[in-house]
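See structure below.
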Amino acid sequence: MWVLFALLSALFAGVTSILAKCGIRKTDSTVATALRTIVVLLMSFFMVLIVGSLDGIGSISAKTWIFLILSGLATGASWLCYFRALQLGNVNKVVPVDKSSTVLTILLAFLVFGEPISPLKGVCVLLIAAGTFLMIEKKEVSGEKKERRMWLLYALLSAVFAAATSILGKLGIEGVESNLGTMIRTAVVLLLSFFMVFVTGKGEKLREVPKKELLFICLSGIATGAS
Numbered sequence: 033m034w035v036l037f038a039l040l041s042a043l044f045a046g047v048t049s050i051l052a053k054c055g056i057r058k059t060d061s062t063v064a065t066a067l068r069t070i071v072v073l074l075m076s077f078f079m080v081l082i083v084g085s086l087d088g089i090g091s092i093s094a095k096t097w098i099f100l101i102l103s104g105l106a107t108g109a110s111w112l113c114y115f116r117a118l119q120l121g122n123v124n125k126v127v128p129v130d131k132s133s134t135v136l137t138i139l140l141a142f143l144v145f146g147e148p149i150s151p152l153k154g155v156c157v158l159l160i161a162a163g164t165f166l167m168i169e170k171k172e173v174s175g176e177k178k179e180r181r182m183w184l185l186y187a188l189l190s191a192v193f194a195a196a197t198s199i200l201g202k203l204g205i206e207g208v209e210s211n212l213g214t215m216i217r218t219a220v221v222l223l224l225s226f227f228m229v230f231v232t233g234k235g236e237k238l239r240e241v242p243k244k245e246l247l248f249i250c251l252s253g254i255a256t257g258a259s
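For the sequence shown, my numbering begins at 33 and goes up steadily by one.
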């Protein structure tokens, strides 16, 4: 069954990118991230209620709390960078770079946890890295604004923070029900994203989001929660 769930996760992740792109044509990426996180948090809270793990929040150790919070901060940073990259670049360029987090995660898992990298896995990692490189268009469209070429930096940062999320999440999820851990991390993401909205002076833009784009942002949050 794990193959089926993995395929569904990949499907919803792909849908998330398309819906997110549709939701940030006029909406600021930071604002969109904050609004989408509300939906994701509601879904994760709903899952916690279903599995009945909310009572376990009181038994979480201080060490686990630290790693969960750090994981949430890394997740929030990754989402903020990812949405900004999507706003500046094309989906078919941003997504491959963002997914290079797989390579970084494998390398970090080797360094932090000592997880072995077999010759076959090493070859696969190199192929993923090479495939990502080939999918990136080096030549920009003539006359393209310099700001819009910043998508690559944000996409790379998104991948780095996503890889850090996986490692920190692994350290913080020990002894914690997975749905409860996800809910806590998402709550941290929500706080971080709204903090960024108001620190950057974009609070007024929360009321200026077009209804159509708000719908796509919410659907993106649902797809994220489902993945």
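C-beta: ideal position from N, C-alpha, C; glycine also.
Since this is a predicted model, take the numbers as computed values, not measurements.
Classify residue i as helix, strand or coil using the three-state DSSP reduction.
i	result
Gly154	helix
Thr48	helix
Ala141	helix
Asn124	helix
Ile56	coil
Return the chain-ordered list of same chain residues with a C-beta closer than 7 angstroms to the C-beta of residue i, the five sequence neighbours on each side being excluded.
i	result
Val220	Ile101, Gly104, Leu105 and Gly108
Gly235	Val229
Ser110	Ser190, Phe193, Ala194 and Thr197
Lys237	Asp60 and Val63
For the alpha helix (DSSP H) that contains residue i, what are its first and last residues?
i	result
Arg68	Ser61 to Val83
Arg181	Premise fails: Arg181 is in no alpha helix (DSSP H) and is neither H nor E.
Phe222	A small fix is needed here, since residue 222 is Leu in this sequence, not Phe. Run containing Leu222: Ser210 to Val231, per the alpha helix (DSSP H) assignment.
Lys243	Lys243 to Ala258
Could you check which residue in the options has the C-alpha nearest to that of residue i?
i	options	result
Lys58	Arg239, Gly257 and Ser259	Arg239
Asn211	Phe44, Ile82 and Thr65	Ile82
Thr96	Leu40, Gly213 and Pro148	Gly213
Leu118	Thr164, Phe165 and Lys53	Lys53
Asp130	Leu159, Leu188 and Leu166	Leu188
Apart from the five residues on each side of it in sequence, which residues of its chain come closer than 6 angstroms, Cβ to Cβ, to residue i?
i	result
Val47	Ala255
Leu184	none
Thr137	Ala195 and Ser198
Leu222	Thr69 and Leu73
Assuming residue i and residue j make a contact with CB atoms under 8 angstroms, what is their CB distance in whole Å?
i	j	result
Cys22	Val71	An answer regarding residue 22 cannot be provided, because it is not within the stretch 33 to 259 covered by the chain.
Glu209	Gly88	6 angstroms
Gly55	Phe193	Not a contact, Cβ separation roughly 21 angstroms.
Leu73	Thr218	5 angstroms
Ser259	Ala45	5 angstroms
Ala162	Ser132	Actually they do not touch by this definition, with Cβ atoms about 11 angstroms apart.
Could you check whether the Cβ of residue i sits closer than 8 angstroms to any Cβ belonging to chain B?
i	result
Leu40	The structure shown has no chain B; it contains just one protein chain.
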